[in-house]
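Asker: What follows is a structure written as structure tokens; I'll ask about it next.
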Amino acid sequence: MPQEPNQRWSLDFVSDKLDDGRRFRILVVVDDCTRECLALVVDTSLPGQRVARELDRIIAGRGKPLMIVSDNGTELTSHAILRWQEERAVQWQYIAPGKPQQNGFVESLNGRLRDKCLNEHLFRSLPAARTRLRRSGWTTTAAVLTRASVGSHRTRL
């Protein structure tokens with residue numbers, strides 16, 4: 059268990075759909091000590107290069123983590139991420155495949171995000187989803203970049 063901010067960050071992705079059926083993803087970044095949501099990056103595509111840029115943006119405002127924990131998805135095992143972690147001297151720990159509980163802090167936030175926001179709203183566009191997440195106060199930094207949901211019971215934004 060981290061004892062100080064920036065000792066360990068956790069990363070994961072959440073997926074959803076806009077009301078027109080287009081899929082989008084949210085990159086979720088959490089500080090495991092403070093349990094702060096450092097970023098919600100919303101877009102239709104979040105390749106390794108984009109993840110690296112977003113991590114640099116967070117670091118510019120908060121400082122560098124000692125370690126990052128994530129699953130071993132293709133974006134997070136890409137050459138861009140491997141190069142990024144080496145150049146910045148950040149240790150990267152991958153959880154075991156099929157064991158999301160090993161990344162519990164970010165998985166917990168993902169569940170709350172889905173229950174309290176994504177399952178409640180139907181987004182017409184990426185900008186609408188980004189705005190909703192930003193205004194809902196999910197992050198401690200100005201980092202919301204979008205994600206959406208589908209369902210007749212949701213509020214259309």
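The sequence shown begins at 59 in our numbering and counts up by one. The beta carbon of each residue, even a glycine, is placed where N, CA and C say it ideally should be.
#1: Does the structure place the segment 85-102 close enough to the segment 59-75 that three or more beta carbon pairs sit under 8 Å?
#2: Since Leu96 contacts Asp89 with CB under 8 Å, what's their CB separation in whole angstroms?
#3: On a Cα-Cα basis, can you pick out the residue from Asp173, Gly169, Gly162 and Trp150 that is closest to Leu113?
#4: Which one or two residues does DSSP pair with Ile126 in a beta bridge?
#5: Spatial neighbours of Arg190 within its chain, please: CB distance less than 8 Å, with the 5 preceding and 5 following residues excluded, ordered by chain position.
#6: Under a three-way DSSP split, which group does Ser73 fall into?
#7: Hey, quick one: how far does the beta strand (DSSP E) through Asp89 stretch, first residue to last?
#8: Just grab the DSSP bridge partners of Ala138 for me.
#9: Within its chain, find whatever has a CB closer than 7 Å to the CB of Ala110; leave out the 5 residues flanking it on each side and keep chain order.
#10: Have a look at Arg172 and Glu145 and give me their C-alpha separation to the nearest angstrom.
#11: Compare the Cα-Cα distances from Asn64 to each of Ile117, Ser103, Val100 and Gly106 and report the closest residue.
#12: Can you name the residues that DSSP bridges to Ala97?
#13: Within 10 angstroms of the Cβ of Asp78, are there 16 or more other Cβ atoms? Answer buried if so, exposed if not.
#14: What do you get for Arg66, buried or exposed, if any count of 16 or more other CB atoms within 10 angstroms of its CB means buried?
Answerer: According to the structure shown:
#1: yes
#2: 6 Å
#3: In terms of CA proximity to Leu113, Trp150 leads the group Asp173, Gly169, Gly162 and Trp150.
#4: Trp67 and Trp150
#5: Cys175, His179, Phe181 and Leu215
#6: strand
#7: It spans Arg81 to Asp89 - the beta strand (DSSP E) in which Asp89 sits, taken as one unbroken run.
#8: None, per the DSSP bridge assignment.
#9: The residues are Ala138, Ile139 and Trp142.
#10: 34 Å
#11: Ile117
#12: Val87
#13: exposed
#14: buried
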